[in-house]
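Step one of this worksheet: look at the structure below.
Numbering (the working numbering), first residue to last: 4 to 82.
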């Protein structure tokens, strides 16, 4: 009976250490996931800003192209 109890204590201790190791791995994985989420949010924000900047520039070029052109008068000859 004592041998069985001792074996159970050993198994219980090993299981507790394994649980501790798994909790540590889970903590690291969650931390990594949070950092990746921040990185992706930053990347998306940067892409949106770049897209808006490009769109603004393209619209400005289009407006400039479509705007009526100013015509210069013919240069006058000096008398």
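Glycine included, each C-beta is placed from N, C-alpha and C at the ideal position.
query                                                                                : result
Residue 32 versus residue 61: straight-line alpha-carbon distance, rounded           : 43 Å
Between the CA atoms of residue 65 and residue 39 - distance to the nearest angstrom : 38 Å
Straight-line Cα distance separating residue 9 from residue 17                       : 12 Å
Alpha helix (DSSP H) segment containing residue 11, residue limits                   : 5 to 69
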